[in-house]
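Numbering (our numbering), first residue to last: 1302 to 2329.
Here is the structure:
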């Protein structure tokens, strides 16, 4: 069996166009510098919000220092205030910081979707996330502290998601699981104590059991004790005061079915964190950290200079004309109002074509467009262009901090590094566009050092790459109502008299400033655009520019929502490439538009490391699921590869239905730049909104204090007026930047890619059969077909995790892998005795055609828990109100039932007893498992109850044919009142025996020896230690 290890580079930076380039946080000498917390422009000005942020940062820094064992704290934090807030003398000007690159975003969600703090994570274990999101209500409303915990601790919980790529240790979808002989709460560590109950308001009742699963019903919640002995874990319950550590290898709970175990191969959070890039060369310090230095930055309108190459090579392949077409679209449609724009051209030297002009009307836009270069000649001096651009940027305030340069070139310049130092000191941001195959390989260093965007465009005209690059250069200020949104980008070589047709959906979230732009190579085509009402716009309605070979149709007012169609005919004598680009803006500044943010996993790579392409589709901060998403990758060899991106939780996709679509890319063709474009189509009734369910701080339902459940207010219902039906059909297009790939061998490289890891294996027991389900991987990660599967089972979780090859094999002779992303279903044919309490674990590896193996799948558990059996005539306690709350389950051929019957004063029974044991002992009888329950939660074998009532761990022996029922009753009349406890046994009607042992005289418990059960000497013995 042959396998290889494929090294996947981590997501050090997510290159995107709307959301961001890379976070600029650095850890130096144990201190995090340049942490950016940005406030959304839609939030009203509120000085108290600044105060709350400062308080959170200060407390988080101390907590972080302790939690990381003196390895890290927050030294330098910047709060970025929106341009909509008024200026003050103590506010400073941003440099390369921006809303789109912020580590923390404070913004209200669109619609009523709650205040859960969360982190947007795209990648796998150990990979950095995108940003942390807090609502303003979370920051300002102190009543939320009991339900999430102190803000500083919540910040550290989310920071662990963001910075170190760890995941939550709870699971609201799978809150309970079977371990050994117990049903446990999904948590880390197992030492976190508490009670389970179903609560409505202040009224709590025992959890009921789902008869179809044997597990507690979905309304059953775990309430942690207010005071704990365990210090772990921050990724489970950061709100508990005693919880101050991450789970480590000593406290980690690998069996818990949570995201941390699933994503990180059952490693503890501290194991992942301590091996992160931050801590590889960052030993602990014994010096107490200083208070964070917090700086207030105030955003400003864009100040931008186009620095455009006009060297001789720009005359090749029609590049100079394509430059004027693309830059013209940027100036007329993309750059936001009130921005300041200048233009510089360069070849062997540079000149300022236009000083800064404020975009305050259409005339300024047109005047700047008329100044775009149309002639190319001379050599290439990139630094001359950059230095001239910086000089133009100084024209408004004699500074360049936070200003932008858009640098386009197709040539090489051996002296490009000569201006690197000046660029770094400038505080400006440089976005680079590499045109053609020969653009300088060091060009992207300028964007990397300044946090700018990176694009490239080939000379393949029908991909529309250069226009896509310019349409991606939107503002990063967070105001989505100002940003231009690309709906269509398509090109095609059209033969003489042939037609180029298409449909664009304009949804209700957009429609202002809508443009249809057509470009051509030689002769102006005939064009028609039809709106949803059937009105037709002829070519005569377009603004025609015969110099740039562009026709532009501006829809006045707000474009009608619905399907817009276009038909373009090539009337030239020969074939020519015709392109169409459609852009629009938000229809209502109070309603965020649907957006797509395209990302690529790294900006440089070495073959054979695969790339991962991401597309985040959202409506404000709400994920949009059910969309059709396609990525187009332009390779250096001139070929394009299309990929359907998926949101199914398989392959490269971390979480199903979170609005983040992804796919591995492995079809490399040559050394050079790989450019990505993403197209999205949402269909009415299919695409819908959802909420983020992963990587967020738990909403704590309440606490147990002095034996009483103290519920928090119920979590507010989310969704309210869910607008998913209002999304309708929509189109979006976004450029996802580039990745420079080295060391790609010529020809057809060897197969270096195994099938991807199966992440969603599930095992269920139905009709005495075990059925497995999972999403099929491919031959190369998530593409193609795997060749065969290896499935193994064990009664030991640890054996599958640590010694998979030696676990029992499952016969898969008749199992042929389906195409990647298909659902697989498989019934286990092995003869396995299935009885109540059976727990079996399964895991899978997939192999490709050259016998390369995937990583081991997640480990799935199949557990058989028969429905509880409630006695038809349960005993009652006189003069008390009692409710049956727990019972033993049928085990094999012996029935043992424990009913916990309680009378609840306020929220729960309060027990002040010493430890109490119940012992069933019968060495001559069959050994069986006992299933017992407290407050409706079924536990098997060893019962450890935080209220000091416990069952000792024992093998219970009861003679076959003697079904025994054991009932445990206790009640309480008032707080702190001792518990009255009764115990008795009942035999079946054939035994003709019945015995009872109880304390019916006072409130103290005494030692009783219960009679001999015939064939089972010393069958039932009760003893106690101390009084209750």
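All C-beta atoms in this analysis are idealised placements derived from N, C-alpha and C, irrespective of residue type, glycine included.
As the crow flies, the alpha-carbon of residue 1564 is around 26 Å from that of residue 1453. Within the region 1969–2024, the beta strand (DSSP E) runs of at least 3 residues that lie entirely inside it are, in chain order, 1973–1983, 2003–2006 and 2009–2012. According to the DSSP assignment, residue 1653 belongs to no alpha helix (DSSP H) but to the beta strand (DSSP E) extending over 1651–1659.
DSSP lists 1643 and 1706 as the beta-bridge partner residues of residue 1606. The way I'd put it, the region 1585–1602 doesn't touch the region 1617–1627; fewer than three beta-carbon pairs between them come closer than 8 Å. The residue from 2133, 1767 and 1340 with its alpha-carbon nearest to that of residue 1353 is 1340. For residue 1553, there is no enclosing alpha helix (DSSP H), since its DSSP letter is neither H nor E. Inter-segment contact for the region 1881–1892 and the region 1798–1810 is present: three or more beta-carbon pairs are separated by less than 8 Å. Contact between the region 1397–1413 and the region 1963–1979 is absent: fewer than 3 CB-CB pairs across the two stretches fall below 8 Å.
In the displayed model, residue 1485 falls within a strand according to three-state DSSP. Taking 3 residues as the minimum length, the beta strand (DSSP E) runs contained wholly in the region 1701–1748 are 1705–1710 and 1730–1736, in order along the chain. For residue 1331, there is no enclosing beta strand (DSSP E), since its DSSP letter is neither H nor E. Taking residue 1585 as reference, the option from 1575, 1593, 1594 and 1591 with the minimal CA-CA separation is 1575. Our two residues, residue 2099 and residue 1815, have alpha carbons roughly 59 Å apart in a direct line.
Residue 1515 and residue 2166 do touch by the CB rule: their CB atoms are close to 2 Å apart, below 8 Å. Taking 8 Å as the upper bound for CB-CB distance, residue 1666 and residue 1632 are in contact here, some 5 Å apart.
For residue 1628, the enclosing alpha helix (DSSP H) starts and ends at 1620–1630. For the options 1979, 1914 and 1955, the alpha carbon positioned closest to that of residue 1964 is the one of 1914. No Cβ-Cβ contact shorter than 8 Å links residue 1882 with residue 1759. When secondary structure is reduced to three states using DSSP, residue 1935 falls in the strand class. Separation of the CB atoms of residue 1432 and residue 1557 is rounded to 27 Å, and the pair is thereby denied contact status at 8 Å. DSSP places residue 1347 in no alpha helix (DSSP H); its state is neither H nor E. Where residue 1684 is concerned, the enclosing alpha helix (DSSP H) starts and stops at 1683–1694. Straight across, the Cα-Cα distance linking residue 2062 with residue 1350 is about 44 Å. By the CB criterion at 8 Å, residue 1786 and residue 1884 fall inside the cutoff. DSSP places residue 1546 within a strand segment (E or B) once states are collapsed to three. Taking C-alpha positions only, residue 1936 is separated from residue 2142 by approximately 44 Å. Contact between residue 1944 and residue 1934 holds: their C-beta atoms lie close to 7 Å from each other, under 8 Å.
In the structure shown, residue 1371 falls within a coil segment according to DSSP collapsed to helix, strand and coil. Listed in chain order, the non-local C-beta contacts of residue 1751 below 7 Å within the same chain comprise 1397, 1724, 1729, 1730 and 1731, local neighbours out to five positions each way being set aside.
The beta-carbon separation of residue 1962 and residue 1948, rounded to 5 Å, stays under the 8 Å limit for a contact.
The way I'd put it, the region 1840–1849 doesn't touch the region 1607–1621; fewer than three beta-carbon pairs between them come closer than 8 Å. Residue 2091 has its alpha-carbon roughly 39 Å from the corresponding atom of residue 1531. Non-local beta-carbon contacts of residue 1355 in its own chain, meaning distances under 6 Å to residues more than five positions away in sequence, involve 1595 in chain order. The C-beta distance from residue 1325 to residue 1335 rounds to 5 Å, short enough to meet the 8 Å contact threshold. DSSP places residue 1452 within a helical segment (H, G or I) once states are collapsed to three.
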